[in-house]
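Okay, so here's the structure we're looking at.
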Amino acid sequence: MAFRLPVVADPQFPDGAVTSGSGRLPSWLRRPVPKRNANHLTSQLLDELRLETVCENAKCPNRMECYSQQTATFMILGNVCTRPCGFCAVQRGRPPQPPEPDEPQRVAEAAARLGLKHVVITSVTRDDLPDGGADHFYRCVLAVRERTGAMVEVLTPDFVQCKQALRRVVEAKPEVFNHNMETVPRLYRRVRGPKSDYAWTLQMLRQVRQWQPTTRTKSGLMLGLGEERGELLDALADLRDHDVDFLTLGQYLQPGEKYLPVVRYVPPQEFEELAEIARQMGFKKVASGPFVRSSYHARDMAESD
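The sequence shown lines up with residues 42 to 346 when you count with my numbering.
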């Protein structure tokens, strides 16, 4: 490959690699606990409106920071996922109930009361539903826009390769459409499960732009799962070849013993180098760092385009 990055290691881990089983984290993955009371206020509001967030269910390391800033990523369609992804802490199984008809209004109410100008909506994967929950996404986007006038970003599952379902979400005209690649092709099904398809992920993102040229497309990858440098750069090139605008790169952190282990902790300097390479490839905006997640500071990325 044309690009080669140096491995810059933390003094605690001079080889630049630590397995999650060691129970240790490098210094750059330690964060102070936010002290603002808004963290509790956000939690109380979400409880009052009976809303789920990916922040809570996926054990996001940024949850307290985001809650303290009175923002969250809403997770619709319940809190039980039908896919056995090897990296995600969201509960797995068969969802116990159909979509709740009033959930779009409750999401819109929470967005209004939090004063959000950029609302991120994601979901569990619902393979039990004929449309994978696409119509529910559509109704949530419209409800939020009508109630708040905010920009809306969706972070969707793959809808089991159903173009009709994908088109229903796009018909809501979200300002940003995000579907995460998560990892490189060699690791794809190990990380994302047997139903996942790398080619379909790319096709989805291109199709969104063809149907709705004003919608920005976005994708992200987790690093530290065992991907090689060349594989990663090839995956980024694939995203650009499919007209993806925004990119996020973050460190994979093992949420529990039953999940995929961390193969390597990537130093902050390497994330910075990758961000510069991605910009040279043509991504309009890049967020790259150990704590970066799909919707972390999503408003900043969308508004500065």
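The C-beta atom is built at its ideal place from N, Cα and C for all residues, glycine as well.
Here the structure is a predicted model, which is why all the values come from computation and not from measurement.
Item, Value
"Look at the alpha carbon of residue 327 and the alpha carbon of residue 170, and state the distance between them as a whole number of angstroms.", "34 Å"
"Starting from residue 182 and walking both ways along the alpha helix (DSSP H), at which residues does that stretch end?", "175-189"
"Which stretch, first to last residue, makes up the alpha helix (DSSP H) that contains residue 271?", "270-282"
"Are the beta-carbon atoms of residue 201 and residue 165 separated by less than 8 Å?", "no"
"Cβ of residue 228 within 8 Å of Cβ of residue 266?", "yes"
"Just to confirm before moving on: does the CB-CB distance between residue 175 and residue 209 stay below 8 Å?", "yes"
"What is the residue span of the beta strand (DSSP E) that residue 316 lies within?", "First-last for residue 316: 309-322, but that is the alpha helix (DSSP H), not the beta strand (DSSP E)."
"Looking only at DSSP bridge pairs, what is residue 122 linked to?", "133"
"Looking at residue 261 and residue 222, is the spacing between their C-beta atoms short of 8 Å?", "yes"
"Buried or exposed: residue 282, going by 16 or more other Cβ atoms within 10 Å of its Cβ?", "exposed"
"Who are the near neighbours of residue 92 in its chain, counting only those whose CB is closer than 7 Å to its CB and skipping five residues on each side?", "115, 147, 148 and 151"
"Would the beta-carbon of residue 241 fall within 8 Å of that of residue 199?", "yes"
"Given a cut-off of 8 Å, decide if residue 306 and residue 263 are closer than it, judged by their beta-carbon atoms.", "no"
"Report the option in 125, 269 and 192 whose CA atom is closest to the CA atom of residue 135.", "125"
"Enumerate in chain order the residues of its own chain whose CB-to-CB distance from residue 216 is below 7 Å, with the five nearest sequence positions on each side excluded.", "192, 193, 194, 256, 257 and 343"
"Nearest to residue 203 by alpha carbon, out of 244, 213 and 189?", "244"
"Residue 257 bridges to which residues according to DSSP?", "217"
"Where does residue 158 sit, in a helix, a strand or coil, going by DSSP?", "coil"
"Tell me the residue span of the beta strand (DSSP E) that contains residue 289.", "287-292"
"Restricting to Cα atoms, I'd like to know which of 137, 234, 274 and 113 is closest to residue 120.", "137"
"Residue 333 to residue 139, Cα distance in whole Å?", "32 Å"
"Leaving out five residues before and five after residue 288 in sequence, what residues of the same chain have Cβ atoms less than 6 Å from its Cβ?", "319, 324 and 327"
"Under the rule that 16 or more other beta-carbon atoms within 10 Å means buried, what is residue 299, buried or exposed?", "exposed"
"Could you check what DSSP says for residue 84 in three-state terms: helix, strand or coil?", "helix"
"By alpha-carbon positions, which one of 213, 218, 238 and 219 ends up nearest to residue 225?", "238"
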